[in-house]
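Asker: Same order as they appear, the protein sequences are chains A and B.
For what it's worth, the numbering used here labels the leading residue of the first sequence as 81, then goes sequentially.
For what it's worth, the numbering used here labels the leading residue of the second sequence as 81, then goes sequentially.
My structure is below; once you've seen it, I'll send some questions.
2 protein chains.
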Amino acid sequence: METEHVFKAVADHHRRRLLDSLARADGQTLTELCSSMPMSRIGVMKHLDILEQAGLITTSRVGREKLHYLNPAPLQNVDSWLGGYRRLWNERMDRLEDLINRTQSSEQAEEQIDAEP
Amino acid sequence: METEHVFKAVADHHRRRLLDSLARADGQTLTELCSSMPMSRIGVMKHLDILEQAGLITTSRVGREKLHYLNPAPLQNVDSWLGGYRRLWNERMDRLEDLINRTQSSEQAEEQIDAEP
DNA sequence: TTGACATGTAACCCTTTAGTTACATATAAT
DNA sequence: ATTATATGTAACTAAAGGGTTACATGTCAA
Numbered sequence: 081m082e083t084e085h086v087f088k089a090v091a092d093h094h095r096r097r098l099l100d101s102l103a104r105a106d107g108q109t110l111t112e113l114c115s116s117m118p119m120s121r122i123g124v125m126k127h128l129d130i131l132e133q134a135g136l137i138t139t140s141r142v143g144r145e146k147l148h149y150l151n152p153a154p155l156q157n158v159d160s161w162l163g164g165y166r167r168l169w170n171e172r173m174d175r176l177e178d179l180i181n182r183t184q185s186s187e188q189a190e191e192q193i194d195a196e197p
Numbered sequence: 081m082e083t084e085h086v087f088k089a090v091a092d093h094h095r096r097r098l099l100d101s102l103a104r105a106d107g108q109t110l111t112e113l114c115s116s117m118p119m120s121r122i123g124v125m126k127h128l129d130i131l132e133q134a135g136l137i138t139t140s141r142v143g144r145e146k147l148h149y150l151n152p153a154p155l156q157n158v159d160s161w162l163g164g165y166r167r168l169w170n171e172r173m174d175r176l177e178d179l180i181n182r183t184q185s186s187e188q189a190e191e192q193i194d195a196e197p
């Protein structure tokens, strides 16, 4: 539930893969999720626990199997923190574009000079 | 440089605070950055090393002090991974709005019924 | 009711993380 | 030249992470 948990949860590529897998096919069982993971079932369980504690997945027991559902909402915390930086890298991009444009302009100017008889 | 390093670097609130601090005032020295951190100088140094290894900051030595500069570019990796989910939580939001609208509509309908003599 | 399947719990192991203290080095200022 | 300031390195510790094996439980199906 806390933002920090969301960041930590998402910091591991195995856990991101689990989320990605649920984004493609929601409501998978534990064993289904295991099938694409390079580790034991217990390992996957632990990762799922962390994701659940971060509020990124919810579960429901159906008979002998447990279904896992993606809840992307907490990712908005990450997104909003990132928001402040989106401006910054856009500004940098702008400055870079300016630089390129100015470089091209001066190259064109040089070409024109070269083209003179 | 690798995406995983960026996620790990950003997963710690102390390191996020350091980035936030540089976003406000770029080019701070180590001791300046330390002043707002609840830990020893060496602790801060280690966090800064991790941020630098992730490519999120660059440094330059000037005399006896080391200046730290923010480089937000690698955060785009996080942002683009997040991109796939932005769609999902918007859809959820839409469904929620629909639900609210439908609920309000039926409440209005009920009010109108109540208003009948 | 027995066997197969899906999940849960416990105990353990190794590595990494996050922090510390103590000491060393380089530069600025008096 | 000496002292104060800014940073660097080494060695250590406690706790958390990420994984394992072994065993237990609950549920479906024949």
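No residue lacks a Cβ here, since even glycine has one placed at the ideal position from N, Cα and C.
Over what stretch of residues does the beta strand (DSSP E) that includes residue 104 of chain A continue unbroken?
Answerer: The residue given as residue 104 of chain A occupies position 24 in the first sequence. Premise fails: residue 104 of chain A lies in the alpha helix (DSSP H), 93-104, not in any beta strand (DSSP E).
Asker: List, in chain order, every chain A residue whose beta-carbon is nearer than 7 angstroms to that of residue 93 of chain B.
Answerer: The residue given as residue 93 of chain B occupies position 13 in the second sequence. Under the 7 angstroms cutoff, chain A gives 84.
Asker: Would you say the stretch 93-102 of chain B touches the stretch 95-104 of chain A, given that touching needs at least three Cβ pairs under 8 angstroms?
Answerer: Too few Cβ pairs lie closer than 8 angstroms, so no.
Asker: Pick from B:142, B:123 and B:82: whose alpha carbon is nearest that of residue 92 of chain B?
Answerer: Translated into the one-based positions of the second sequence, residue 92 of chain B becomes position 12. Checked all of B:142, B:123 and B:82; the closest Cα to residue 92 of chain B is B:123.
Asker: Thinking residue 178 of chain A and residue 162 of chain B are a contact (beta carbons under 8 angstroms), I'd like their distance in whole angstroms, please.
Answerer: Residue numbering aside, residue 178 of chain A sits at position 98 when the first sequence is read from its first letter. Residue numbering aside, residue 162 of chain B sits at position 82 when the second sequence is read from its first letter. No, residue 178 of chain A and residue 162 of chain B are not in contact; Cβ-Cβ is about 28 angstroms, not under 8 angstroms.
Asker: Assuming residue 136 of chain A and residue 157 of chain A form a contact by the criterion Cβ under 8 angstroms, report the distance between their Cβ atoms to the nearest whole angstrom.
Answerer: Here residue 136 of chain A is taken as the residue at index 56 of the first sequence, counted from 1. Here residue 157 of chain A is taken as the residue at index 77 of the first sequence, counted from 1. Not a contact, Cβ separation roughly 11 angstroms.
Asker: Report the three-state DSSP secondary structure of residue 136 of chain A (helix, strand or coil).
Answerer: By one-based count along the first sequence, residue 136 of chain A stands at place 56. It is coil, neither helix nor strand.
Asker: For the stretch 130-149 of chain A, which residues have a beta carbon sitting closer than 7 angstroms to at least one beta carbon of chain B?
Answerer: From the stretch 130-149 of chain A, no residue has a Cβ closer than 7 angstroms to chain B.
Asker: Taking Cβ positions only, does residue 108 of chain B come closer than 8 angstroms to chain A?
Answerer: Within the second sequence, numbered from 1, the residue matching residue 108 of chain B stands at position 28. So no, residue 108 of chain B is outside the interface.
Asker: Give the range of the alpha helix (DSSP H) segment to which residue 82 of chain B is assigned.
Answerer: Within the second sequence, numbered from 1, the residue matching residue 82 of chain B stands at position 2. Unbroken run through residue 82 of chain B: none, as it is neither H nor E.
Asker: Take the Cβ of residue 194 of chain B as the centre, count every other Cβ of all protein chains shown within 10 Å, and call the residue buried at 16 or more, exposed below.
Answerer: As a first step, residue 194 of chain B is located in the second sequence; it is residue number 114 there, counting from the start. Summary for residue 194 of chain B: the model assigns pLDDT 46, below 50, so the residue's position carries little reliability, and this model does not support an answer.
Asker: Measuring CB to CB, does residue 94 of chain A end up less than 8 angstroms from residue 133 of chain A?
Answerer: Locating residue 94 of chain A in the first sequence gives position 14, counting from the first residue. Locating residue 133 of chain A in the first sequence gives position 53, counting from the first residue. Cβ distance not < 8 angstroms, so residue 94 of chain A and residue 133 of chain A don't count as in contact.
Asker: List, from N- to C-terminal side, the alpha helix (DSSP H) runs of 4 residues or more that fit wholly inside the stretch 112-178 of chain B.
Answerer: As far as the stretch 112-178 of chain B is concerned, its whole alpha helix (DSSP H) runs of at least 4 residues are 121-133.
Asker: On the DSSP bridge list, what partners appear for residue 109 of chain A?
Answerer: Against the first sequence, residue 109 of chain A aligns to sequence position 29. Looking at the DSSP assignment, residue 109 of chain A forms a beta bridge with A:147.
Asker: Checking contacts by CB at 8 angstroms: is residue 166 of chain A closer than that to chain B?
Answerer: The sequence position of residue 166 of chain A within the first sequence is 86, counting from 1. Yes, because at least one Cβ of chain B sits closer than 8 angstroms to the Cβ of residue 166 of chain A.
Asker: At the level of alpha carbons, what is the spacing between residue 180 of chain B and residue 168 of chain A?
Answerer: Counting from one through the second sequence, the residue named residue 180 of chain B turns up at place 100. Counting from one through the first sequence, the residue named residue 168 of chain A turns up at place 88. The alpha-carbon atoms of residue 180 of chain B and residue 168 of chain A are separated by roughly 36 angstroms.
Asker: Kindly list the residues whose CB is nearer than 8 angstroms to the CB of residue 155 of chain B, restricted to its own chain and excluding five residues on each side of it in sequence; keep chain order.
Answerer: For this step, residue 155 of chain B is matched to residue 75 along the second sequence. Contacts found: 86, 90 and 136.
Asker: Suppose you measure from the CA of residue 142 of chain B to the CA of residue 172 of chain A; what does that come to, to the nearest Å?
Answerer: Residue 142 of chain B sits at position 62 when you count from the first residue of the second sequence. Residue 172 of chain A sits at position 92 when you count from the first residue of the first sequence. Approximately 24 angstroms between the Cα atoms of the pair.
Asker: Can you name, in chain order, every residue of its own chain whose Cβ lies under 6 angstroms from the Cβ of residue 112 of chain B, other than the five neighbours on each side?
Answerer: Here residue 112 of chain B corresponds to residue number 32 of the second sequence, with the count starting at 1. The answer is none, since no qualifying residue turns up.
Asker: Beta-carbon of residue 182 of chain B versus every beta-carbon of chain A: anything under 8 angstroms?
Answerer: The residue labelled residue 182 of chain B in the question sits at position 102 within the second sequence. False, the Cβ-Cβ gap to chain A never drops below 8 angstroms.
Asker: If you drop the 5 nearest sequence neighbours on each side, which residues of the same chain put their C-beta closer than 8 angstroms to that of residue 110 of chain B?
Answerer: For the purposes of this step, residue 110 of chain B is taken as residue 30 along the second sequence, with counting starting at 1. Within the same chain, residue 110 of chain B has close Cβ partners 121, 124, 125, 128, 145, 146 and 148.
Asker: I need the DSSP call for residue 182 of chain A, collapsed to helix, strand or coil.
Answerer: In the first sequence, residue 182 of chain A corresponds to position 102, counting from 1. Note: residue 182 of chain A maps to helix in three-state DSSP.
Asker: I want to see whether chain A comes within less than 8 angstroms of residue 158 of chain B, judged by CB atoms only; does it?
Answerer: Taking the second sequence and counting its residues from 1, the one referred to as residue 158 of chain B is at position 78. Yes - at least one Cβ of chain A is within 8 angstroms of the one on residue 158 of chain B.
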